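**Q** Dropping a structure here in structure tokens format, bear with me for questions.
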Amino acid sequence: MLRAAPDRGSRRCDAAWSALEAWLGARLRHDEEDIHQEVLVAVFRRVGMMEAQGPGQALVWLSAILKNKRIDALRRKQLQRERHSDLHEGVPGERVAAPEGDPPRSARDAEETLARVEAAVRDHVDASEKTPSSRAGRRLRAQACLDRLVRGLEADAILERLALDEPISRGLLDKWVERGRAPIEAAMTAWAASAPDDEDVQRVASHVLERVRARRADQGRPRPARRKH
């Protein structure tokens, strides 16, 4: 049903999403909520490309996604352990050399900060949206907005990161970016409020809010007026 649905976020698909959540709930531990959400988003993105001919093949396809997401989670944990160890082995006040082939420490720190922002946005969307389809759709729009306004990526790079199973127009991507502002603003406001004494959280949330709230100089003008300038 999801594969053929023109709008996977419609209420007609709620039963299919609920069945998928039940299937995941029976296979995931309570501490694997991130994997649960990542599988839902992956299905939302890729189900149109699924070539399964029946329920059995569809389960094989789903099981492969679940397995890959678990492997990804294990790799992230291993990388976090290695970075933690690397930081503690460095001499205080001395620059810690990055392993050959790794990005510089500053680039890794920036990426880790962005990962914290993305996690805060995902958590807020997951807590505020009632259905799996609405959560998956809103997470995609928020991700597009973060990639454009915070990471500063161009359209091609954003589309590559979103890994959609079907291409979308630049115009639709622009709409996703605009619609992604609201959940990011709500998430950053809630994140800052949850850690009033954490200077890093306050600084990062403030920076993201500034980017997300900024508008182009021609925002809101009639389209003919835009073309004249």
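Residue numbers for the sequence shown follow the working numbering, so the first one is 4 and each next one is one higher.
Using N, Cα and C, we set each Cβ at its ideal position, and we do this for glycine too.
As the structure is a prediction and not an experimental result, all values here were calculated from the model.
1) For the stretch 126-139 against the stretch 161-173, are there 3 or more C-beta pairs whose distance is under 8 Å?
2) Cα-Cα, which of Ser136, Glu41, Leu117 is closest to Asp203?
3) Determine the DSSP secondary structure at His33, reduced to helix, strand or coil.
4) Do you know whose CA, among Gln56, Lys80, Leu23, His33, lies nearest Ile68's CA?
5) Could you tell me the distance, in whole angstroms, from the CA atom of Asp89 to the CA atom of Arg119?
6) Entirely within the stretch 135-201 and at least 4 residues each: give me those alpha helix (DSSP H) ranges in chain order.
7) Between Ser21, Met53, Ser209, which lies nearest to Val153 when the distance is taken from Cα to Cα?
8) Can you list, in chain order, the residues of its chain whose CB lies under 6 Å from that of Ala217, leaving out five sequence neighbours each side?
9) For the ligand ADP, is there any heavy atom lying closer than 8 Å to the beta carbon of Val46?
10) In terms of residue numbering, what span does the alpha helix (DSSP H) encompassing Ala18 cover?
11) From Glu114, Glu115, Ala139, pick the residue whose C-alpha is nearest to that of Asp126; which is it?
12) Tell me the rounded alpha-carbon separation between Gly155 and Gln146.
**A** Taking the structure as given:
1) no
2) Leu117
3) coil
4) Leu23
5) Here the model assigns Asp89 a pLDDT of 48, short of 50, so the residue's position is not dependable and the matter cannot be decided.
6) 135-148, 158-165, 173-197
7) Ser209
8) none
9) The ligand ADP is not among the ligands present in this structure, which contains no ligands whatsoever.
10) 17-28
11) Ala139
12) 12 Å
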